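In full-length UniProt numbering, the protein residues as written are 1 to 133. Cβ coordinates follow ideal geometry from the N, Cα and C atoms, glycine included. None of these values were measured; they are calculated from a predicted model. The structure under discussion appears below in the form of structure tokens.
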Amino acid sequence: MSSLNASRRPRNARAAEPVKYVPKGWGYEKWIANCEKYCGKLLFIAKDKQCSWHYHKLKDEVFFVQSGKIKLYHGWDDDIEKAEITILRRGDKFHVPIGLKHRMFALEDTELFEFSTEHMDSDSHRIMPGDLL
């Protein structure tokens with residue numbers, strides 16, 4: 001097994017930063033990583049709680065359900081009544097491309113991973129609010 005030569009190591013290599021905890025009205029987010037190239041989060045959504053109906057102009061994301069069950073509303077129209085509904089269970093994943101409106105409603109306490117491009121607060125465009133703190 002060979003080790004990475006010191007001259008080939010990335011110059012920006014650094015110790016991992018602590019996990020950032022972000023409380024939400026619907027549960028919480030744990031930000032594992034967020035940088036220019038990618039973002040990884042663990043989300044917890046409490047049963048019968050929901051996030052906002054929103055979209056991103058820059059962010060592309062994939063959700064992977066670790067445990068629980070959610071009802072995912074998704075569509076291209078601002079009107080949530082026109083949205084499709086997909087039920088996601090443990091082991092399911094769903095891709096949310098740039099611009100797709102989406103909302104998650106927890107049918108059970110749910111943990112899911114979000115893998116995405118960089119998270120920027122200014123790129124969350126809310127159409128309808130979610131549950132608040």
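The alpha-carbon of CYS51 is positioned some 25 Å away from that of LYS37. In the three-state reduction of the DSSP assignment, GLU114 falls in the strand class, which pools E and B. Per DSSP, SER122 is not a residue of any beta strand (DSSP E), being assigned neither H nor E.
When DSSP states are grouped into helix, strand and coil, ILE70 belongs to the strand group. Annotation for TYR21: the continuous beta strand (DSSP E) segment containing it runs 20-24.
Inter-residue distance for LEU107 and ASP48 is about 6 Å (C-alpha atoms, whole angstroms). Around the beta carbon of LYS20, a 10 Å sphere encloses fewer than 16 other beta carbons of the protein chains shown; the residue is thus reported as exposed.
Taken in chain order, the unbroken stretches of beta strand (DSSP E) that lie wholly in the UniProt domain "Cupin type-2" (48-111) and span 3 residues or more are 53-55, 61-67, 69-75, 84-89, 93-96, 101-106.
The straight-line gap separating the alpha-carbon atoms of THR86 and GLY75 is approximately 11 Å.
Taking C-beta atoms under 8 Å as the contact rule, VAL62 and PHE105 fail to qualify, at a distance of about 19 Å. Looking at the DSSP output, LYS37 bridges to nothing.
Taking C-beta atoms as the reference points, THR110 and ILE32 fail to come closer than 8 Å.
Pairing LEU58 with PHE113 gives a Cβ-Cβ distance that is not under 8 Å.
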